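Protein sequences, first through last, are from chains A and B.
Sequential numbering of the first sequence, starting at 1, is according to our numbering.
Sequential numbering of the second sequence, starting at 1, is according to our numbering.
Every residue, glycine too, gets a C-beta built ideally from N, C-alpha and C.
Model, not experiment: these values are computed from the prediction.
2 protein chains.
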Amino acid sequence: MAKKIGVVLSGCGHLDGAEIRESVLTLLAIDRAGAEAICMAPDIDQMHVVDHHSGKEVPGQRNVLVESARISRGDIKDIKEIDIADLDGLILPGGYGAAKNLSDFALKGAQCEVQGDTSSLIKAALKAEKPIGVICIAPAVMAKVAQDLGEKIKLTIGNDADTASALQSMGTEHIDAKVDEIVVDKAHKIVSTPAYMFSARISEIARGIEKLVQSVVEMS
Amino acid sequence: MAKKIGVVLSGCGHLDGAEIRESVLTLLAIDRAGAEAICMAPDIDQMHVVDHHSGKEVPGQRNVLVESARISRGDIKDIKEIDIADLDGLILPGGYGAAKNLSDFALKGAQCEVQGDTSSLIKAALKAEKPIGVICIAPAVMAKVAQDLGEKIKLTIGNDADTASALQSMGTEHIDAKVDEIVVDKAHKIVSTPAYMFSARISEIARGIEKLVQSVVEMS
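Spelled out as structure tokens, the structure:
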């Protein structure tokens with residue numbers, strides 16, 4: 001039977017939700033690795049809505065689960081209904097949604113909190129020793145959960161000094177990496193890649209994500 | 001200099017806009033082919049907004065250009081400002097956006113009309129003998145434009161009998177194709193692939209789109 005890899009989405013669009021390209025490239029790499037993607041998201045309101053043409057916040061309210069369903073083509077589960085026993089691994093694509101909806105890292109940095117259902121599932125994955133892949137800014141979510149559990153983990157968010165420093169102040173060891181590289185914390189089975197933390201070509205982003213997915217599937 | 005391939009988006013989400021995966025896979029294949037993607041969309045309201053979790057229409061209004069910018073990460077042009085002389089080819093991903101926003105094919109079938117700015121650009125591309133790629137349901141848009149110009153073209157939308165029949169009644173020759181196949185009309189430099197006209201794996205969709213992009217870039 002195909003391995004099942006959970007993909008935690010956080011909306012649809014990098015300024016207020018999941019980074020769309022990172023999410024699609026993750027789904028493609030999972031399928032090409034012969035595994036099955038199980039999409040999920042929390043059933044909560046987005047922090048806000050951003051016009052991706054102007055880059056400005058606009059009035060209105062959107063739901064994280066409902067918008068994430070645009071990427072998953074409707075096939076999506078409320079994250080709080082997921083039992084980690086049904087998954088072989090977990091991957092969190094990036095986008096500001098990870099730092100605004102799955103956590104409040106965008107506002108509070110190292111003092112952030114992780115959304116309850118998301119935190120519970122990641123903690124369960126760590127305890128069950130299931131591999132976890134975190135892309136772009138999603139390592140911030142991982143760092144906070146590890147801090148809550150008192151685990152010292154190893155991650156990359158690329159080479160942005162301020163973000164790396166915030167991760168370090170949460171007790172995470174930060175390792176610089178290029179856009180198409182991954183950092184593997186073998187002890188905790190955690191893989192990370194910077195993706196759109198760099199302003200890079202989509203083919204470079206894809207290479208990093210392919211390596212991350214391959215590593216998660218191999219460790220599962 | 002890299003060839004420039006226009007990508008015509010129609011929103012963000014397959015039920016009321018551009019099919020997200022087809023759009024991202026198109027951008028990836030263009031980059032991997034060494035070409036540059038120029039994203040564009042018409043600055044018009046969407047026909048409607050669909051909740052992709054429930055599948056039901058919901059109140060509210062979204063703009064096609066603004067929502068398309070989620071896929072293009074903000075880097076997008078109003079289609080009416082595009083001069084075909086600046087492009088080496090044109091690709092239209094699918095999703096209901098092609099049949100609801102770029103045209104009204106979803107409502108009117110063979111009696112549809114194509115959105116004005118979109119129709120003008122496709123006509124200009126045909127006249128300038130620039131290659132055009134159409135994915136999923138976007139061949140319906142292409143069929144209508146060709147009918148307006150009195151050109152008899154060759155296309156595929158997979159093997160859906162009703163849709164194929166609608167294309168044929170617009171004067172287009174329909175050729176059945178599998179999800180990872182393309183149909184090339186060499187005389188008109190038009191390439192098509194069925195993509196999510198089939199309920200298929202994302203890796204199969206990717207294979208068809210890679211072939212389509214390669215063909216468009218080669219003919220440009």
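Where Pro172 (chain A) falls: helix, strand or coil (DSSP): The question names Pro, yet the displayed sequence has Thr at residue 172 (chain A). Coil.
Val217 (chain B) vs Lys3 (chain B) beta-carbon contact at 8 angstroms: yes
Residue burial classification, Gln46 (chain B) (beta-carbon count within 10 angstroms, cutoff 16): Counting C-beta atoms within 10 angstroms of its own C-beta, Gln46 (chain B) has 16 or more neighbours from the protein chains shown and is therefore classed as buried.
Nonlocal neighbours in the same chain, by C-beta distance under 7 angstroms from Gly94 (chain A), ignoring five residues either side: Answer for Gly94 (chain A): Glu19, Glu22, Ile135, Cys136, Ile137, Ala138, Ala195 and Tyr196, listed in chain order.
Inter-residue Cα distance where the pair is Val66 (chain A) and Asp43 (chain A): 8 angstroms
Amino acids of chain A, ordered along the chain, whose beta-carbon sits closer than 7 angstroms to that of Ser203 (chain B): Leu28, Asp31 and Arg32
C-beta atoms of Lys154 (chain B) and Ile175 (chain B) nearer than 8 angstroms: yes
Short CB-CB distance (under 8 angstroms) between Cys12 (chain B) and chain A: yes
Neighbourhood of Glu129 (chain B) by C-beta distance below 7 angstroms, restricted to the same chain and skipping five residues each side: Lys189
Neighbour flag for His174 (chain A) against chain B, beta carbons, 8 angstroms: Answer no: the Cβ-Cβ gap between His174 (chain A) and chain B never drops below 8 angstroms.
Own chain, CB closer than 6 angstroms to Ser119 (chain B), minus 5 neighbours either side, in chain order: In chain order, Val145 place their CB closer than 6 angstroms to the CB of Ser119 (chain B), counting only its own chain and leaving out the 5 sequence neighbours on each side.
Segments of 3+ residues assigned as beta strand (DSSP E) that fall wholly inside the segment 13-46 of chain A: 36-41
Beta carbon proximity, Arg21 (chain B) to chain A, threshold 8 angstroms: yes
Inter-residue spacing [alpha-carbon to alpha-carbon] between Asp16 (chain B) and Thr163 (chain A): 36 angstroms
CB-CB length for Pro133 (chain B) against Val191 (chain B), believed under 8 angstroms: Per the sequence shown, residue 133 (chain B) should be read as Gly rather than Pro. Their Cβ separation, rounded to whole angstroms, is 5 angstroms, which keeps Gly133 (chain B) and Val191 (chain B) in contact under 8 angstroms.
Minimum C-alpha distance to Ile90 (chain B) - residue among B:Glu36, B:Gly171, B:His14 and B:Ala206: First, the amino acid is wrong: residue 90 (chain B) is Leu here, not Ile. The option with the nearest alpha carbon to Leu90 (chain B) is B:Glu36.
Contacts that Arg207 (chain A) makes with chain B (C-beta to C-beta distance below 8 angstroms): Near Arg207 (chain A) there are no residues of chain B at all, since even the closest Cβ is about 10 angstroms away, more than 8 angstroms.
Identity of the residue in B:Phe198, B:Lys100, B:Ala124 and B:Gly60 nearest Ile79 (chain B) by Cα: B:Ala124
Those residues which DSSP pairs with Lys4 (chain A) across a bridge: Looking at the DSSP output, Lys4 (chain A) sits in a beta bridge with A:Glu36.
Boundaries (first-last residue) of the alpha helix (DSSP H) holding Val183 (chain B): Element bounds for Val183 (chain B): not the alpha helix (DSSP H) but the beta strand (DSSP E), Val183 to Asp185.
Where Thr163 (chain A) falls: helix, strand or coil (DSSP): helix
Chain-ordered chain A contacts of Leu65 (chain B) [CB-CB under 9 angstroms]: His53
C-beta contact flag for Cys12 (chain A) and Cys12 (chain B) at 8 angstroms: yes
is_contact[Ile76 (chain A), chain B] using C-beta, thresh 8 angstroms: With a threshold of 8 angstroms between beta carbons, Ile76 (chain A) makes contact with chain B.
7 angstroms Cβ shell around Asp160 (chain A) - same chain, five flanking residues per side excluded: Met197
Sheet register partners of Glu57 (chain A) (DSSP bridge): A:Val50, per the DSSP bridge assignment.
Euclidean distance between Cα positions of Gln168 (chain A) and Lys152 (chain A): 10 angstroms
Residues of the segment 68-92 of chain B with Cβ closer than 9 angstroms to any Cβ of chain A, in chain order: Ser68, Ala69, Arg70, Ile71, Ser72, Arg73, Gly74 and Ile76
Test item: CB-CB of Val64 (chain B) and Ser103 (chain B) under 8 angstroms: no
Within-8 angstroms CB hit, Val145 (chain B) to chain A: no
Exposure label - Glu57 (chain B); buried when at least 16 CB within 10 Å: exposed
Beta-carbon contacts of Ala206 (chain B) that lie in its chain and below 7 angstroms, excluding the five residues immediately before and after: Cβ within range, chain order: Leu25.
Residues that DSSP places opposite Asn63 (chain A) in a beta bridge: A:Asp45
Short Cβ contact (8 angstroms threshold) for Ile84 (chain B) with Leu28 (chain A): no
Residue range of the beta strand (DSSP E) that includes Gly133 (chain B): Ile132 to Ile135
Below-8 angstroms beta-carbon distance, Val24 (chain B) vs any chain A residue: yes
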